[in-house]
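Participant:
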Amino acid sequence: VITDMAGRTVEIPTHFDRITCLYPGCTFLVYSYAPEKLVNIDVVTKSMIERKINPYPESDMNRLLNLMETGTYFKGYNAEQILSTNPDIILTSNKDPNADKEQEELGVPVICLSGSSVFDYPDSFKWTGEFLGNPDAGHKMAEIWNSTLDQVISETEKIPQNEKIKVYYASHDGPLSTVGEKSVMASIIRMAGGRSFMDEVPAAPNDLSAEHQITTIEEIQKWNPEVIVTKTLDEKNQILSDPQWQSIKAVKDGKVYSC
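Take the sequence shown: its position 95, counting from 1, is numbered 95 in the numbering used here, and each next residue is one higher.
(1) How many angstroms separate the CA atom of Glu-104 from the CA atom of Ser-114?
(2) When the Cα atoms are used, what is the spatial distance from Pro-135 to Lys-126?
(3) Which residues share a DSSP beta bridge with Glu-69?
(4) Tell me which same chain residues have a C-beta within less than 8 Å of the C-beta of Pro-24, skipping the five on either side of it?
(5) Using a 10 Å radius around the Cβ and a threshold of 16 neighbouring Cβ atoms, would you call Ser-32 buried or exposed?
(6) Below 7 Å CB to CB, which residues in the same chain sit around Leu-64 once its five sequence neighbours on both sides are set aside?
(7) Quick check: what's the CA-CA separation for Ile-248 versus Ser-116?
(8) Could you check what DSSP says for Leu-91 in three-state terms: helix, strand or coil?
(9) Which stretch, first to last residue, makes up the alpha helix (DSSP H) that contains Thr-299?
(10) For the structure I just gave you, are there three or more beta carbon pairs, one from the segment 76 to 95 and one from the segment 14 to 21, closer than 8 Å?
(11) Are the CB atoms of Met-170 and Ile-228 nearer to each other than 8 Å?
(12) For Gln-213, list the residues DSSP reports as bridge partners.
(13) Taking 6 Å as the limit between beta carbons, can you name the residues of its chain near Glu-102, skipping five residues before and five after?
(14) Thr-20 lies in the beta strand (DSSP E); which residues open and close that run?
(15) Among all the DSSP beta bridges, which residues are the ones paired with Lys-166?
(16) Does the Cβ-Cβ distance between Ser-93 and Cys-26 come in under 8 Å?
(17) Please classify Glu-80: is it buried, with 16 or more other beta-carbons within 10 angstroms of its beta-carbon, or exposed?
(18) For a quick check, are the C-beta atoms of Val-118 and Val-184 less than 8 Å apart?
(19) With burial defined as no fewer than 16 other Cβ atoms inside 10 Å of the residue's Cβ, what is the status of Asp-96: buried or exposed?
(20) Taking 8 Å as the limit between beta carbons, can you name the residues of its chain near Ala-192, skipping five residues before and five after?
(21) Run through the DSSP bridge pairs and tell me what Gly-76 is partnered with.
(22) Which value, in whole angstroms, describes the spacing of the CA atoms of Gln-221 and Val-251?
(23) With a cut-off of 8 Å on the beta carbons, I'd call His-172 and Lys-231 a contact; round off their distance for me.
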């Protein structure tokens with residue numbers, strides 16, 4: 001019996017060889033620490049690999065792309081497809097609101113890892129490394145991550161709040177879909193010395209950890225961001241071609257960037 005990173009008590013087998021992941025971050029960690037145990041590739045990770053925006057080495061592409069493709073907790077999944085991977089354990093994010101329901105429906109232990117903020121990641125690296133029998137790799141990744149954060153923050157904390165750049169992040173459901181104040185993306189913006197839209201223009205209701213909080217063009221125009229970052233190139237092109245966005249400073253200054 002273990003306690004996962006969402007504080008849930010989960011009974012797991014003492015030995016497990018097959019892990020299915022419902023979240024791209026979990027896929028990456030299993031690949032990093034125990035690649036032989038990864039038995040699926042989630043649809044988001046597969047899309048990233050196919051679009052060549054991924055952290056996976058070229059030498060492993062064929063093996064990864066030949067794994068069973070499944071959904072994710074936030075895009076939906078097919079239960080039969082998940083069960084066809086014959087998992088001993090399923091990993092998901094602590095942001096997954098249906099972890100208990102998934103465990104009951106699938107009849108497989110579901111474990112939540114933490115990834116709500118960039119500052120949560122080192123604990124996830126260490127916890128997952130220990131859990132998968134590769135603690136040295138987990139601790140090493142946490143050290144690198146913390147060192148990088150410290151290096152960035154030592155510079156950005158010098159910037160007065162009123163001089164920090166206003167950043168609007170357009171998430172994966174279109175240009176008017178943005179990220180909540182407690183999302184990973186918002187924490188990255190703040191860490192990098194910016195001000196995130198939903199920190200200052202809360203909508204109602206404000207889903208703090210959401211990665212697809214719907215807002216309005218009027219709110220964006222009023223806040224007038226200096227930089228816009230989009231999840232995809234399609235969203236960038238939508239913004240640049242839509243007359244409603246042309247008066248916004250980021251668009252006028254040519255500071256619209258696609259991840």
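Quick reminder that beta carbons are idealized off the backbone N, C-alpha and C, glycines included.
Since the structure is predicted, the reported quantities are computational estimates derived from the model, not experimental observations.
Facilitator: Judging by the given coordinates:
(1) 21 Å
(2) 6 Å
(3) Ile-41
(4) Asp-42, Val-44, Thr-45, Met-48 and Thr-72
(5) buried
(6) Ile-41, Ile-49 and Tyr-56
(7) 29 Å
(8) strand
(9) Outside the displayed span of the chain (1 to 259) sits residue 299, for which this structure offers no information.
(10) yes
(11) Looking at the sequence shown, residue 170 is not Met but Ala. Yes, the Cβ-Cβ distance between Ala-170 and Ile-228 is below 8 Å.
(12) Thr-178
(13) Val-110
(14) 19 to 21
(15) Arg-195
(16) yes
(17) exposed
(18) yes
(19) buried
(20) Val-152 and Thr-156
(21) Thr-72
(22) 11 Å
(23) 5 Å
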